[in-house]
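**Q** Residues in the sequence shown are numbered from 146 upward in steps of one, following my numbering. Don't be surprised by glycine CBs; every beta carbon is placed ideally from N, CA and C. A quick note: this is a predicted structure, and the numbers were derived from the prediction, not measured. Right, I'll just put the structure down here and ask away after.
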Amino acid sequence: MTWQTKDRDGKCVTNNPVVLAVTDHVPLIEQDRYEALVDELHQLFKTEDGFLSVDTVRYNRDHQMEYTVLSRWVDEVSAKKWRENLRIKNVLIQIETITGGVADMMVASGGGLWFDHIRFDHMEGITAEDTEPGLPPIWKRFVLSVIGVYPMLILLLELIGPIIGFLPRLVQDFILVVVLSALLTWPVMPFLSRILRPWLMVR
Numbered sequence: 146m147t148w149q150t151k152d153r154d155g156k157c158v159t160n161n162p163v164v165l166a167v168t169d170h171v172p173l174i175e176q177d178r179y180e181a182l183v184d185e186l187h188q189l190f191k192t193e194d195g196f197l198s199v200d201t202v203r204y205n206r207d208h209q210m211e212y213t214v215l216s217r218w219v220d221e222v223s224a225k226k227w228r229e230n231l232r233i234k235n236v237l238i239q240i241e242t243i244t245g246g247v248a249d250m251m252v253a254s255g256g257g258l259w260f261d262h263i264r265f266d267h268m269e270g271i272t273a274e275d276t277e278p279g280l281p282p283i284w285k286r287f288v289l290s291v292i293g294v295y296p297m298l299i300l301l302l303e304l305i306g307p308i309i310g311f312l313p314r315l316v317q318d319f320i321l322v323v324v325l326s327a328l329l330t331w332p333v334m335p336f337l338s339r340i341l342r343p344w345l346m347v348r
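Below is the structure:
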């Protein structure tokens with residue numbers, strides 16, 4: 146998968162950007178303070194070379210909020226270099242006082258966004274070797290894709306086919322592709338990659 150996008154200076158970037166996915170669990174009473182710190186962190190990210198974008202996904206649980214922060218960087222170098230910023234380190238320390246520890250982090254790039262990746266329990270001291278996305282062998286990714294795509298396609302044809310059958314064929318195909326892509330991206334492929342991880346990661 147190849148992305149073409151623009152960095153914060155508006156320059157075109159054609160690359161496989163690196164995505165950092167950080168998950169935090171925050172007590173409800175600390176929600177406002179946490180979000181203020183995360184917003185400050187995002188503003189600091191914007192000053193870093195190689196930064197592309199950042200998004201936050203919120204999930205409201207009974208006793209806490211779950212946040213997943215997805216930041217995109219031009220390459221692995223920029224995805225690591227921001228950790229050297231002392232102001233960012235200071236904000237992370239404050240965030241850790243709220244979450245009770247260092248955040249869980251996963252690193253992904255390109256087509257590997259469908260798959261589970263190396264998980265980090267520490268934000269610092271990560272070497273270049275550590276930050277390589279831990280992808281399964283390509284033939285196993287192919288098998289996993291077939292396992293995910295085929296049943297979902299059959300199911301969608303049975304469920305949606307009768308509903309959209311009156312539409313032109315090209316429109317039907319487009320709707321199926323959109324729905325199938327959404328389901329594969331989340332939750333089908335991440336779920337399959339987690340439950341089959343022992344098999345996937347054996348080379």
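What did DSSP end up calling H208 once you bin it into helix, strand or coil?
**A** In the structure shown, H208 adopts coil according to DSSP, grouped into three states.
**Q** With 16 as the cutoff for other CB atoms within 10 Å, does K191 come out buried or exposed?
**A** exposed
**Q** With DSSP as the reference, please indicate the residues paired to D169 in a beta bridge.
**A** Y212
**Q** List the DSSP bridge partners of T201.
**A** V214
**Q** What residue range is occupied by the uninterrupted alpha helix (DSSP H) comprising L302?
**A** Counted as a single uninterrupted DSSP element, the alpha helix (DSSP H) harbouring L302 occupies residues 283 to 304.
**Q** In whole angstroms, what is the alpha-carbon distance linking Q176 and E211?
**A** Between Q176 and E211, the C-alpha separation is close to 10 Å.
**Q** Would DSSP call L341 helix, strand or coil?
**A** Note: L341 maps to coil in three-state DSSP.
**Q** Determine the burial state of F196: buried for a count of at least 16 other Cβ atoms within 10 Å of its Cβ, exposed for fewer.
**A** buried
**Q** Give the straight-line distance between the Cα atoms of I320 and R286, rounded to the nearest whole angstrom.
**A** Within the model, the alpha-carbon separation for I320 versus R286 is close to 25 Å.
**Q** Using the C-alpha atoms, what's the distance from L189 back to L231?
**A** 10 Å
**Q** Have a look at T272 and V222 and give me their C-alpha separation to the nearest angstrom.
**A** Any reading at T272 must be qualified, since the residue scores a pLDDT of 41, below 50, and its modelled position is unreliable; no value is offered.
**Q** Taking the alpha carbon of M251 as the point to measure from, which residue in T244, I283, S216 has its own alpha carbon closest?
**A** S216
**Q** Specify the secondary structure class of V247 as computed by DSSP and reduced to three states.
**A** coil
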